[in-house]
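Worksheet: the structure to be examined is printed underneath.
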Amino acid sequence: MSDDRYDVPHEVKEIDTVTLTELGRTGERLRLNARLSPERIAAHVAADGVHHLLPLFWHTKPDTPRHLRCGMLLRMRTGEQVFGTFDVLPEEFAPLTRVRPRERERDLAHRMLGEGVPTIVEWERARETR
2 MSDDRYDVPH EVKEIDTVTL TELGRTGERL RLNARLSPER IAAHVAADGV
52 HHLLPLFWHT KPDTPRHLRC GMLLRMRTGE QVFGTFDVLP EEFAPLTRVR
102 PRERERDLAH RMLGEGVPTI VEWERARETR
C-alpha cells in the first residue's frame with residue numbers, strides 16, 4: 002500500500018514569472034538545492050512568460066522541509082524555451098493552475114523529459130559564445 006504523502010503528483014502546472022520569482026525567493030531562504038535565483042529569473046526569463054513545472058520526485062535532505070524536485074520549462078526573454086530543475090514546497094505547488102487539456106499536459110511533459118530542449122546552463126553558455 003502506498004503512502005499518499007510520498008506519491009509524486011502526476012500533473013504539469015503553469016506558473017507566471019512573478020510567482021516563479023516569489024518561489025525562487027522561498028527556495029533561497031530555505032536553502033533548497035535546485036532553485037533559480039531571483040536575480041537569474043530577472044535577468045533572463047520573459048517577464049510575461051508562462052512557464053511549466055512537472056514534479057519528478059520528493060526531495061529530502063537534513064535541515065530542509067520535504068519538497069518536490071520539478072522539471073521546469075522556462076520561456077526566456079529571447080522567446081526560446083529552456084529546461085531546468087526547480088524545488089518547490091508541496092503547499093506552494095498545489096494551488097498552481099494545472100495545464101489543460103490532458104493532451105497539452107502530456108506534450109509538455111514529453112518536451113521536458115525528452116531531448117532537444119537546452120538546459121539553462123547550455124543556453125547561458127551558448128549566449129556567452131555569441
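The opening position of the sequence shown corresponds to residue 2 in the working numbering, with each subsequent residue numbered one higher. Just so it is clear, CB atoms sit at the ideal spot from N, CA and C, and this is done for glycine as well.
Query: Can you say whether V9 is buried or exposed, counting buried as having 16 or more other CB atoms within 10 angstroms of its CB?; Result: exposed
Query: When DSSP labels each residue in this structure, what does R70 get in the three-state scheme?; Result: strand
Query: In terms of residues, what are the limits of the alpha helix (DSSP H) holding G25?; Result: 18-31
Query: Pull up the distance between the alpha-carbon of V122 and that of G85, whole angstroms please.; Result: 8 Å
Query: Nearest by alpha-carbon distance to V150: which of H52, L90, T130 is it?; Result: The requested residue 150 does not occur in the structure, where the chain is confined to residues 2 to 131.
Query: Check whether the region 44-60 and the region 11-31 touch, using three or more Cβ-Cβ pairs below 8 Å as the test.; Result: yes
Query: Return the CA-CA distance between R30 and P102, expressed in angstroms with no decimal places.; Result: 34 Å
Query: Does M113 come out as helix, strand or coil in the three-state DSSP assignment?; Result: helix
Query: Taking only the alpha-carbon atoms, compute the straight-line gap between H111 and V89 and give it to the nearest angstrom.; Result: 21 Å
Query: Give the single residue among H60, T120, T98 whose Cα lies nearest to the Cα of G28.; Result: H60
Query: Terminal residues of the continuous alpha helix (DSSP H) containing H45?; Result: 39-45
Query: For L75, list the residues DSSP reports as bridge partners.; Result: V83
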